[in-house]
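Undergrad:
6 protein chains.
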Amino acid sequence: MTSRLDDFESYRERMNQRISQIDHLGIKRFYSLDSSAYHDGALSGKTKELLGLVASMVLRCNDCIDYHILQCIEAGYTDEQLYDAFNMALVVGGSIVIPHLRHAVESLDLARAK
Amino acid sequence: MTSRLDDFESYRERMNQRISQIDHLGIKRFYSLDSSAYHDGALSGKTKELLGLVASMVLRCNDCIDYHILQCIEAGYTDEQLYDAFNMALVVGGSIVIPHLRHAVESLDLARAK
Amino acid sequence: MTSRLDDFESYRERMNQRISQIDHLGIKRFYSLDSSAYHDGALSGKTKELLGLVASMVLRCNDCIDYHILQCIEAGYTDEQLYDAFNMALVVGGSIVIPHLRHAVESLDLARAK
Amino acid sequence: MTSRLDDFESYRERMNQRISQIDHLGIKRFYSLDSSAYHDGALSGKTKELLGLVASMVLRCNDCIDYHILQCIEAGYTDEQLYDAFNMALVVGGSIVIPHLRHAVESLDLARAK
Amino acid sequence: MTSRLDDFESYRERMNQRISQIDHLGIKRFYSLDSSAYHDGALSGKTKELLGLVASMVLRCNDCIDYHILQCIEAGYTDEQLYDAFNMALVVGGSIVIPHLRHAVESLDLARAK
Amino acid sequence: MTSRLDDFESYRERMNQRISQIDHLGIKRFYSLDSSAYHDGALSGKTKELLGLVASMVLRCNDCIDYHILQCIEAGYTDEQLYDAFNMALVVGGSIVIPHLRHAVESLDLARAK
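Residue numbers (our numbering), protein chains in the order written: chain A, 1 to 114; chain B, 1001 to 1114; chain C, 2001 to 2114; chain D, 3001 to 3114; chain E, 4001 to 4114; chain F, 5001 to 5114.
1. State yes or no: is the beta carbon of valine 2097 of chain C nearer than 8 angstroms to at least one beta carbon in chain A?
2. Could you name the residues of the same chain whose beta carbon sits closer than 6 angstroms to that of serine 4107 of chain E, not counting the 5 residues immediately before and after it, in chain order?
3. Excluding sequence positions up to five away, which residues of its chain have a Cβ less than 8 angstroms from the Cβ of leucine 1101 of chain B?
4. State yes or no: is the C-beta of aspartate 5109 of chain F within less than 8 angstroms of the C-beta of alanine 4042 of chain E?
5. Consult DSSP for glycine 4094 of chain E and reduce its assignment to one of helix, strand or coil.
6. With 8 angstroms as the limit, tell me which residues of the region 1003–1020 of chain B have their beta carbon closer than that to any beta carbon of chain A; keep them in chain order.
7. Would you say leucine 2090 of chain C lies against chain D (beta-carbon separation less than 8 angstroms)?
8. Roughly how many angstroms separate the alpha carbons of serine 4032 of chain E and valine 2105 of chain C, rounded to a whole number?
9. Would you call the region 4009–4018 of chain E and the region 3069–3083 of chain D touching, i.e. three or more CB-CB distances under 8 angstroms?
10. Please go through the same chain and pick out, in chain order, the residues whose beta-carbon is closer than 8 angstroms to the beta-carbon of valine 3097 of chain D, but skip the five residues on each side of it.
11. In whole angstroms, what is the alpha-carbon distance linking aspartate 3023 of chain D and leucine 2082 of chain C?
12. Compute the Euclidean distance between the alpha carbons of aspartate 2006 of chain C and isoleucine 2019 of chain C, then round it to the nearest angstrom.
13. Using a 10 Å radius around the Cβ and a threshold of 16 neighbouring Cβ atoms, would you call alanine 5045 of chain F buried or exposed?
14. I want to see whether chain A comes within less than 8 angstroms of arginine 4029 of chain E, judged by CB atoms only; does it?
15. Pick out the complete beta strand (DSSP E) segments inside the region 2063–2092 of chain C, 3 residues or longer, and give them in chain order.
16. If you reduce the DSSP assignment to three classes, tell me which class alanine 4037 of chain E lands in.
17. Quick one: measure Cβ to Cβ for glycine 1093 of chain B and glycine 4094 of chain E, integer angstroms, because I've assumed they're closer than 8 angstroms.
18. Against glutamine 71 of chain A, what residues of chain D qualify as contacts under a CB-to-CB distance less than 9 angstroms, listed in chain order?
19. What do you reckon, are the CB atoms on valine 4054 of chain E and alanine 5055 of chain F nearer than 8 angstroms?
20. So with CB distances below 8 angstroms, who are the chain B contacts of isoleucine 5065 of chain F?
21. The alpha helix (DSSP H) with alanine 1042 of chain B in it runs from where to where?
22. Reducing DSSP to helix, strand and coil, say where leucine 5053 of chain F ends up.
23. Taking aspartate 4109 of chain E as the query, report the chain F residues whose CB atoms sit under 7 angstroms from its CB, ordered along the chain.
24. Just to confirm my understanding: we take lysine 3048 of chain D, look at its own chain, exclude 5 residues before and 5 after, and list those with CB closer than 6 angstroms. What are they?
25. Kindly say whether leucine 4025 of chain E, judged by its beta-carbon, lies nearer than 8 angstroms to any beta-carbon of chain F.
26. Kindly indicate if chain F contains any beta-carbon less than 8 angstroms away from that of glycine 3094 of chain D.
27. Check lysine 3114 of chain D in the structure and name its three-state DSSP category.
28. Rounded to the nearest angstrom, what separates glycine 3052 of chain D and aspartate 2063 of chain C at their Cα positions?
29. For a quick check, are the C-beta atoms of tyrosine 5011 of chain F and leucine 5050 of chain F less than 8 angstroms apart?
30. For histidine 2103 of chain C, which residues from the same chain have a beta carbon less than 6 angstroms from its beta carbon, with the 5 sequence-adjacent residues on both sides left out?
31. Under a CB-based cut-off of 8 angstroms, is glutamate 3049 of chain D close to chain A?
32. Taking 8 angstroms as the threshold (beta carbon to beta carbon), is leucine 5101 of chain F in contact with chain B?
33. Mind pulling the chain C residues with CB within less than 8 angstroms of serine 5056 of chain F?
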């Protein structure tokens, strides 16, 4: 079961390389802009990772949720802090977010089990 | 193939228990609020299940669709009534709903086959 | 203030006539399909109006909400029943629906005041 | 022009009172749950306000944006921090967020001018 | 009535200048990336304007619709071609797009009347 | 791996037949309306396929993306043109589209490999 996250990460890696190889200037610039958005600035990179996680949950994108959970763990968030962020997404986005909450909690458990 | 619905139900059950175990007050209250919303009130619980189904379809959430189809069957809706509800979701939500219509029709067939 | 609904209805009427005058076969067929969806079938037209209202609320479209509230009133729903439908939309769609709940409650009050 | 925010706040206040007067248990519990979500917990209330703002922007709800900008100002965020949050929403949500970015920047300017 | 489009354009212009003045590097780069996306490339700029219009309609953003209608007119599209694009958005996005179809048809009429 | 597209196509075929067999007049008319929307008209069928692809990407529906990529290949688009369309969807829809961009690029590679 831990391999769900591993599969996601290797697929993500492989396809991002393929996309880089396509060499479309606009797409490359978007990827660079996207990375930069999470760097320390007026807000810390750590805060921005949490913003990315909650935005992914209310927009209901499981791959984005997995990516940001891994980033949030690396940034040092505790489980209790992430549960609090999950709750924010649930209240803002409603019960339609529940399947993504289940996914997020499972991803967090899997990531901690590594 | 019947097992797609069984897998969904056991995953849903297992993760909801895990979420309950997390013991986040806000999340627990949301779950309770969500259950209560489908109880008989000024509108019947049966009518509310249908509202939940159509809302899930226009918001395009397959897990939510499966859950509400099972609830609608239990509430006593006929296939013809559910097809009529599927049509409402299709007209309101457009052709982007078609993959979810395919999923819904398959789920209904699987559930009836049990 | 009652005129907000009147303005909406006259704008809606005027633009629908203009769209009909454009005479695009696809658009005309869509309008006809949309009307037919709300006719009595396996589900009653009355039930379908409520489905249309809740779908409009979770998709967060104020004009659609106003249209379906007027239809629901004509179909004979009580305020308490409509509040119950509003609650369904709020729970499914989350706090992002709150501004549309405010709009819906105001529209219902305005329509009853006529 | 400052009055756009004042109009929003008085409308919001008036309609929330009207909704409270409706006395629907589910809706009242949702409002209470929504307020509680922003209290200090494992994450600070201040962080949660920012999560609410970015969620509102990617979900593209101007009224929610205005509400959360006012809350974020009260929580002590600087303009530079809010611009950084706006940028997060823009990158996650894409150019479809631009009209809401314009609205957010105007609202922030109006609120600071008070 | 022609002034609805004029008001939109002057507001858009004024706020974009204000946003440029904020001088946030990420936001400035996003604006530049957004402009570049519509330049001639493997697809013509003219085709891209139409893609922008239909994307705006299915995502239901009136300001974006107005902007892209003006761009599409400048790119040389006929009314009949734009009606065909409107129909695409209606079929993909469903009846929830109808209020935006009304807006789009009115904007096109206003722009042609100038 | 080529079989992901084959599986999608056979599932799509099978379920569309099942839906046709249900014989719901509204659903059948919607399917017919949907097909007609992509026929040559004021805009060419080829242009409309591209509109369908970009609409599917910004609305984030992988099945719709796969369907439209296959249609776009049949309509004669080159990879470079499709990458340009992918970029449009990415800029309009933001980083939340990235997982769907990965899916789209993989689907295009799989389809070309046949």
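We put the beta carbon where it would ideally sit given N, CA and C, even for glycine.
All values reported here derive from a predicted model rather than from experimental measurement.
TA: Straight from the coordinates:
1. yes
2. Asp4066, Ile4069
3. Met1057, Phe1086, Ala1089, Leu1090
4. no
5. coil
6. Tyr1011, Arg1012, Met1015, Asn1016, Arg1018, Ile1019
7. yes
8. 42 angstroms
9. no
10. Met3057, Val3058, Arg3060, Ala3089, Leu3090
11. 13 angstroms
12. 20 angstroms
13. For the sequence presented, residue 5045 of chain F should be read as glycine rather than alanine. Label assigned to glycine 5045 of chain F: exposed.
14. yes
15. none
16. helix
17. 4 angstroms
18. Near glutamine 71 of chain A there are no residues of chain D at all, since even the closest Cβ is about 13 angstroms away, more than 9 angstroms.
19. yes
20. Within 8 angstroms Cβ-Cβ: nothing; isoleucine 5065 of chain F doesn't reach chain B, min ~10 angstroms.
21. No alpha helix (DSSP H) contains alanine 1042 of chain B, which DSSP labels as neither H nor E.
22. helix
23. Those do not exist, as aspartate 4109 of chain E stays about 17 angstroms from chain F at its closest Cβ, beyond 7 angstroms.
24. Tyr3038
25. no
26. yes
27. coil
28. 25 angstroms
29. no
30. Asn2062
31. no
32. no
33. The premise fails here: serine 5056 of chain F is roughly 18 angstroms from chain C at the closest Cβ pair, so nothing lies under 8 angstroms.
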